[in-house]
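Here the structure is laid out as structure tokens; the discussion comes afterwards.
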Amino acid sequence: MFVSCSKTAETKTDGRLDSSKYCNDPQAVNYNVGFPGLPDNTLCFFPTQLFKGNYLFIDSVLDKDLKFKSADSFNIQMIALNNVRIAFVGFCGKGSTDTIYLTANKYYKAVPDSTNGPYDTKLNGYLVCGDGQYGPDTLTGYMQKYNTDSNKVLIRFNVNKVDTTLKTNYHYGTAIKR
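Each residue of the sequence shown is one higher than the last, beginning at 38 in our numbering.
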């Protein structure tokens, strides 16, 4: 006894799928937006495109007890190194060329990269702002792009400074694109 199948009839695809295109790169902010359709990675935009540019940073500095210490404003620059890496220049004060490297994600957030300490140990944070008598400061925190205002970036950095004791300063502010 032989059993056979009959060939199914060819079905036509929905014509709307041929005209709809979407970004198919998982690193992109707009990954799969417009799916289903035809993949077209020329439509993609990436996290660093959200952040790159020149900004005025309006900074409030709080002490370890979250009491106001000082306020300042200065120019900073965010440079896209690739689709997810940012070079952040100017945080260490007016005219500073110290660079902080951050990794951005598709959720409008960027965090400082960790650094390696002696013997390949991971340090919690990023070494920044010079090499004073007791070494550089350590920075942790994040930057968050405002979803509602494309010209602003919320910055929340914690800076630990060691001289004779550990001192923590919180830098809370907004960067406004110029």
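Backbone N, C-alpha and C fix where the C-beta goes; we use that ideal spot for every residue, glycine too. All values derive from a computational prediction rather than experimental measurement.
For residue j and residue i, the rounded distance between their alpha carbons
i           : j           : result
residue 97  : residue 124 : 22 angstroms
residue 150 : residue 76  : 32 angstroms
residue 217 : residue 205 : No answer is possible for residue 217: the residues shown for the chain start at 38 and end at 215.
residue 64  : residue 83  : 7 angstroms
residue 110 : residue 95  : 4 angstroms
residue 107 : residue 211 : 15 angstroms
residue 74  : residue 113 : 40 angstroms
residue 174 : residue 166 : 6 angstroms
residue 183 : residue 56  : 32 angstroms
Neighbourhood of residue i by C-beta distance below 6 angstroms, restricted to the same chain and skipping five residues each side
i           : result
residue 89  : 115 and 117
residue 214 : 90, 92 and 188
residue 143 : 66 and 84
residue 101 : 205
Integer-rounded CB distance, given that residue j should sit under 8 angstroms from residue i
i           : j           : result
residue 140 : residue 148 : 6 angstroms
residue 99  : residue 209 : 7 angstroms
Sequence-distant residues of the same chain with beta carbon closer than 7 angstroms to residue i, five excluded per side
i           : result
residue 78  : 60, 61 and 62
residue 179 : 146, 147, 148 and 193
residue 68  : 60, 62 and 143
Same chain only: Cβ atoms within 8 angstroms of residue i, ignoring 5 sequence neighbours per side
i          : result
residue 58 : 71, 74, 75, 76, 77 and 80
Opposing strand residues paired with residue i [DSSP bridges]
i           : result
residue 149 : 139
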